[in-house]
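J.: Heads up: the sequence shown at position 51 corresponds to 51 in full-length UniProt numbering, and the numbers run straight through without jumps.
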Amino acid sequence: MSPATMIAFIERFLHENDVDSIQELEAKEEDDILVLFRGMELQGTVEYGFHGSASKDFGGMQSSKPLAVIRPADREDVAKVIRLASRLEHLTVAARGNGHSVNGQAMAHRGFVVDMKSMDPIIEVGPTGTYADVSGGTLWEEVLKRCVLSHGLAPRSWTDYLGLTVGGTLSNAGVSGQTFIYGPQTENVTELEVVTGKGDVTVCSRSQNSELFFSVLGGLGQFGIITRARVLLQPAPNKVRWIRVVYSEFSEFSRDAELLVTQSEGDSFDYVEGFVFVNSDDPVNGWPSVPLDANHPFDSTRIPRNAGPVLYCLEVALHHTKESDDRRCTVGIRVERLLGQLGFCKDLRFEVDLSYLDFLLRVKRAEEEAKASGIWEAPHPWLNIFVSKRDIADFDRVVFKNILKHGVGGPMLVYPLLRSK
1 MSPATMIAFI ERFLHENDVD SIQELEAKEE DDILVLFRGM ELQGTVEYGF HGSASKDFGG
61 MQSSKPLAVI RPADREDVAK VIRLASRLEH LTVAARGNGH SVNGQAMAHR GFVVDMKSMD
121 PIIEVGPTGT YADVSGGTLW EEVLKRCVLS HGLAPRSWTD YLGLTVGGTL SNAGVSGQTF
181 IYGPQTENVT ELEVVTGKGD VTVCSRSQNS ELFFSVLGGL GQFGIITRAR VLLQPAPNKV
241 RWIRVVYSEF SEFSRDAELL VTQSEGDSFD YVEGFVFVNS DDPVNGWPSV PLDANHPFDS
301 TRIPRNAGPV LYCLEVALHH TKESDDRRCT VGIRVERLLG QLGFCKDLRF EVDLSYLDFL
361 LRVKRAEEEA KASGIWEAPH PWLNIFVSKR DIADFDRVVF KNILKHGVGG PMLVYPLLRS
421 K
């Protein structure tokens, strides 16, 4: 007989009186914290016992009531809050951007939530036009409009949805269809101003306080709060040719996506992304989610007979400049050359021309429609994962074609990324 091991877990039994005592102790600790907090001289405002948006997030799956919501007026307010928190063992602080976390990351149970959007947005384009200094609570949508409309410039790397704060996406990654060229947004900043866990306001970059710089970028707010970022800029195009093509086979879809993102810079599209959709007429998960123009509907008779439960859409875009506007045939030639290499279903191709701003704000239109229908306020469980090239075919077979073959009630995005970026 082989030896057996038993592991017992012993949980402390709490008498009802003990529970009451613990609750009383917690209440006293909270009162003591608030006394200390009220002694700080903040330029911003504070809301106590807040039950609104700061007690939930976009995921809609969790809720947690903070002791207070701080709306700082400037970076020094943020620093004062963090200094106090660093002195108190059990006090938690969470920085909240525009509230699009999905698993409670922007909540602070019985702690402080710092509303970064309360600070005035600052967008200052540098004298050389190669960068902009942007406050952490500024929305990327605000950065887009200011830089493009006032200066003809734009950041190099975006997210699909721009109703997110600069500090929020830089604390994660910031991935979209431009990532294969420029890397995520975290690779497109050269300097940060950070409030550290001790409440120090520190400027950092690749060469100055570099350990802090690389820890904060993608650090999920665990190493500091971003109050300013220096974002790289480049000349903004005027228009975009936006194209979607459909595949019935994942092997061809993934092969073509890899082909496009491994071309030499300038020899591919300016944006490459994709998504999986259901092979049905479901208005949210199926064929109607693909067309870009209401006058060009999805013709399901063009789907190959051997297609499975899900189909695949490769989404690409090519920028126009002022000069190329007068040479539309040149843009068309480039598009046909690039698409000619691909193995999509030839009769399932959709394309439109639109302004650069309209292209980057494309998800905002979907947001407005979702808000009008009430869907925007529904729970939004969300998962982003990185899957290696070696495992992606198995992932398609098990997850897309099996577990998610009826859809998820929302987008199933696929970003082809390069490890080198």
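Every residue gets a Cβ at the ideal spot worked out from N, C-alpha and C, and that includes glycine. What you are looking at is a predicted structure, and each value in this text was computed from that prediction instead of being measured.
1) By Cβ distance, which residues of its chain are closer than 8 Å to Gly219, with the 5 residues on each side in sequence left out?
2) Can you find the residues in the same chain that come closer than 7 Å, C-beta to C-beta, to Val352, ignoring five residues on each side of it along the sequence?
3) In whole angstroms, what is the alpha-carbon distance linking Phe269 and Leu413?
4) At the level of alpha carbons, what is the spacing between Thr45 and Ala307?
5) Are the beta-carbon atoms belonging to Pro379 and Gly59 less than 8 Å from one another?
6) Alpha carbon to alpha carbon, how far is Phe277 from Gly410?
7) Taking C-beta to C-beta, are residue 426 and Leu314 nearer than 8 Å?
8) Which same chain residues end up closer than 6 Å to Arg419 when comparing Cβ atoms and leaving out the 5 residues on each side of it in sequence?
9) Between Ile403 and the rest of its own chain, which residues show a CB-CB distance below 8 Å, the 5 nearest in sequence each way excluded?
10) So, helix, strand or coil for Gly274, using DSSP?
11) What three-state label does DSSP hand Thr196 in the structure shown?
12) Enumerate in chain order the residues of its own chain whose CB-to-CB distance from Gly407 is below 6 Å, with the five nearest sequence positions on each side excluded.
13) Check the C-beta distance from Thr190 over to Arg230 and give it rounded, since I have them as a contact under 8 Å.
14) Hey, Gly97 and Thr165: beta-carbon distance below 8 Å or not?
15) Assuming contact is defined by CB atoms lying nearer than 8 Å, are Leu162 and Leu357 in contact in what I supplied?
16) Between the beta-carbon of Gln43 and the beta-carbon of Ala73, is there less than 8 Å?
17) Identify every residue that forms a DSSP beta bridge with Tyr247.
18) Check whether the Cβ atoms of Ser135 and Thr227 lie closer than 8 Å to each other.
19) Is it buried or exposed, Leu260, if we count other Cβ atoms within 10 angstroms and call 16 or more buried?
20) Measuring CA to CA, which of Cys147, Ser150, Asn188, Trp140 is closest to Arg156?
21) Kindly list the residues whose CB is nearer than 8 Å to the CB of Val387, restricted to its own chain and excluding five residues on each side of it in sequence; keep chain order.
22) Taking 8 Å as the threshold (C-beta atoms), are Met61 and Pro381 in contact?
23) Given Ser86, which residues of its chain have a CB within under 7 Å of its CB, disregarding the five upstream and five downstream residues?
24) Under three-state DSSP, which class holds Val46?
25) Once DSSP output is grouped into helix, strand and coil, what is the label at Ser21?
26) Look at the alpha carbon of Phe13 and the alpha carbon of Leu88, and state the distance between them as a whole number of angstroms.
27) Just mark Val69 as buried or exposed, buried being the case when its beta carbon has 16 or more other beta carbons within 10 Å.
28) Less than 8 Å between the CB atoms is what I'm expecting for Gly104 and Thr92, so what's the real figure, rounded?
29) Comparing alpha-carbon positions, which option in Leu342, Trp158, Gly152 lies nearest Pro184?
30) CA-CA distance, Gly99 and Glu193?
31) Looking at the secondary structure, which residues open and close the beta strand (DSSP E) in which Phe112 lies?
32) Taking its Cβ as the centre, do 16 or more other Cβ atoms sit within 10 Å of Arg244, making it buried, or is it exposed?
33) How many Å lie between Asp57 and Ile181 at the Cα?
34) Would you give the residue range spanned by the beta strand (DSSP E) that Val78 belongs to?
35) By the 10 Å Cβ neighbour count, where 16 or more other Cβ atoms means buried, how is Asp391 classified, buried or exposed?
36) What span of residues does the alpha helix (DSSP H) with Phe214 cover, start to end?
T.: In brief:
1) Counting only Cβ-Cβ distances below 8 Å, and skipping sequence neighbours, we find Ser171.
2) Trp242, Leu292, Asp293, listed in sequence order.
3) For Phe269 and Leu413, the distance between alpha carbons rounds to 18 Å.
4) It is roughly 58 Å from the alpha-carbon of Thr45 to the alpha-carbon of Ala307.
5) Yes, these two residues count as a Cβ contact at 8 Å.
6) If I take the Cα positions, the gap works out to 9 Å.
7) As displayed, the chain neither begins before 1 nor continues past 421, which places residue 426 out of reach and without an answer.
8) Excluding positions up to five away in sequence, the list is empty.
9) None.
10) Gly274 carries a strand assignment under DSSP once its states are collapsed to helix, strand and coil.
11) The three-state reading of DSSP puts Thr196 in coil, since its state is none of H, G, I, E or B.
12) The answer, listed in chain order, is Val278, Asn285.
13) The Cβ separation is near 5 Å, so the contact holds.
14) For the 8 Å CB-CB criterion, Gly97 and Thr165 form a contact.
15) Contact flag unset, no.
16) Yes, they are a contact pair.
17) Under DSSP, Tyr247 takes part in a beta bridge, and its partners are Tyr312.
18) Yes, the Cβ-Cβ distance between Ser135 and Thr227 is below 8 Å.
19) Looking at its Cβ environment, which holds 16 or more other Cβ atoms inside 10 Å, Leu260 is buried.
20) It is Asn188 whose Cα lies nearest to the Cα of Arg156.
21) Short of 8 Å from the beta carbon of Val387, and not among the five residues preceding or following it, lie these beta carbons of its own chain, in chain order: Phe395.
22) Cβ atoms of Pro381 and Met61: closer than 8 Å.
23) Correct list, in chain order: Gly197, Lys198, Gly199.
24) In the structure shown, Val46 sits in a strand (DSSP, three-state: E or B).
25) Interpretation of Ser21 is limited by its pLDDT of 44, a score under 50 that renders its predicted location unreliable; the figure taken from the coordinates is listed afterwards. Secondary structure at Ser21: helix, using DSSP grouped into helix, strand and coil.
26) In this predicted model, Phe13 has a pLDDT of only 48, less than 50, meaning its place in the structure is not dependable enough to derive any value.
27) Buried, because 16 or more other Cβ atoms sit within 10 Å of the Cβ of Val69.
28) Gly104 to Thr92, Cβ: 11 Å. No contact.
29) Checked all of Leu342, Trp158, Gly152; the closest Cα to Pro184 is Trp158.
30) Put simply, the backbone Cα of Gly99 is about 21 Å away from that of Glu193.
31) Annotation for Phe112: the continuous beta strand (DSSP E) segment containing it runs 112-115.
32) By the Cβ neighbour-count rule, Arg244 is buried, with 16 or more other Cβ atoms within 10 Å of its own.
33) Taking C-alpha positions only, Asp57 is separated from Ile181 by approximately 32 Å.
34) It is not in any beta strand (DSSP E) - Val78 instead sits in the alpha helix (DSSP H) that spans 75-87.
35) A residue is called buried when at least 16 other Cβ atoms come within 10 angstroms of its Cβ; Asp391 does not meet this threshold and is exposed.
36) In the DSSP assignment, Phe214 falls within the unbroken alpha helix (DSSP H) covering 210-216.
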